[in-house]
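Residue numbers (the numbering used here): 10 to 198. Cβ atoms here follow ideal geometry from the backbone N, Cα and C, with glycine treated the same way. Right, one structure below, let's go through it.
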Ligand code: SF4
């Protein structure tokens with residue numbers, strides 16, 4: 010992917026805009042140059058990858074964490090993509106694969122990847138362990154709440170499986186996962 014983006018940069022025919030949600034926009038491309046840029050995107054599999062990515066993956070954000078950040082207690086950007094791969098079949102099981110659920114992971118509580126205002130937020134506590142936070146809203150206007158502590162991968166997947174199951178049974182019409190889990194958390198307290 011990086012090789013393809015480098016090739017596009019070398020054409021000098023697109024500007025690169027990195028967004029706060031860790032997306033990349035190729036901007037200011039002349040109409041006449043679009044076929045060339047699209048050809049490069051196809052040649053390097055970038056278009057296929059982007060078009061085939063799940064809604065959850067498109068809405069995922071992670072901080073750099075290990076091995077770049079000296080404050081990191083756990084992995085984030087190197088681990089979240091593989092965790093998303095394991096969450097996707099669970100979403101499909103419940104018919105939730107088109108839901109734009111925001112998921113974010115940080116390697117420590119400092120929250121550089123904005124895990125506190127995701128619908129599903131992971132905060133690293135030790136290598137391979139995360140606090141799971143739920144109940145943030147989709148637009149990032151409401152902070153989430155810690156739901157479970159120090160979960161390993163198996164426990165994360167089992168907990169999300171249970172939560173998604175309750176969500177499909179009890180959600181209100183058009184209710185997002187974040188709004189549902191906020192309401193669900195308040196029924197527990
Ligand atoms: S959230 Fe923690 S681990 Fe991630 S970049 Fe910030 S300080 Fe580093």
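Remark: fewer than three beta-carbon pairs, one from each stretch, lie closer than 8 Å, so the segment 53 to 61 and the segment 110 to 130 are not flagged as touching. Secondary structure at residue 138: strand, using DSSP grouped into helix, strand and coil. For residue 143, the closest C-alpha among the options 26, 188, 50 is that of 188. Around the C-beta of residue 123, 16 or more other C-beta atoms lie within 10 Å, and the residue is accordingly described as buried. In this model, residue 154 and residue 141 are separated by some 8 Å (Cα to Cα). Taking 9 Å as the cut-off, the beta carbon of residue 126 is found closer than this to the beta carbon of residue 152. For the set 92, 157, 36, the Cα lying nearest the Cα of residue 70 is the one of 92. Residue 152 has its Cβ no nearer than 8 Å to any heavy atom of the ligand SF4. Remark: the C-beta of residue 145 is outside contact range of the ligand SF4, defined as less than 8 Å to any heavy atom.
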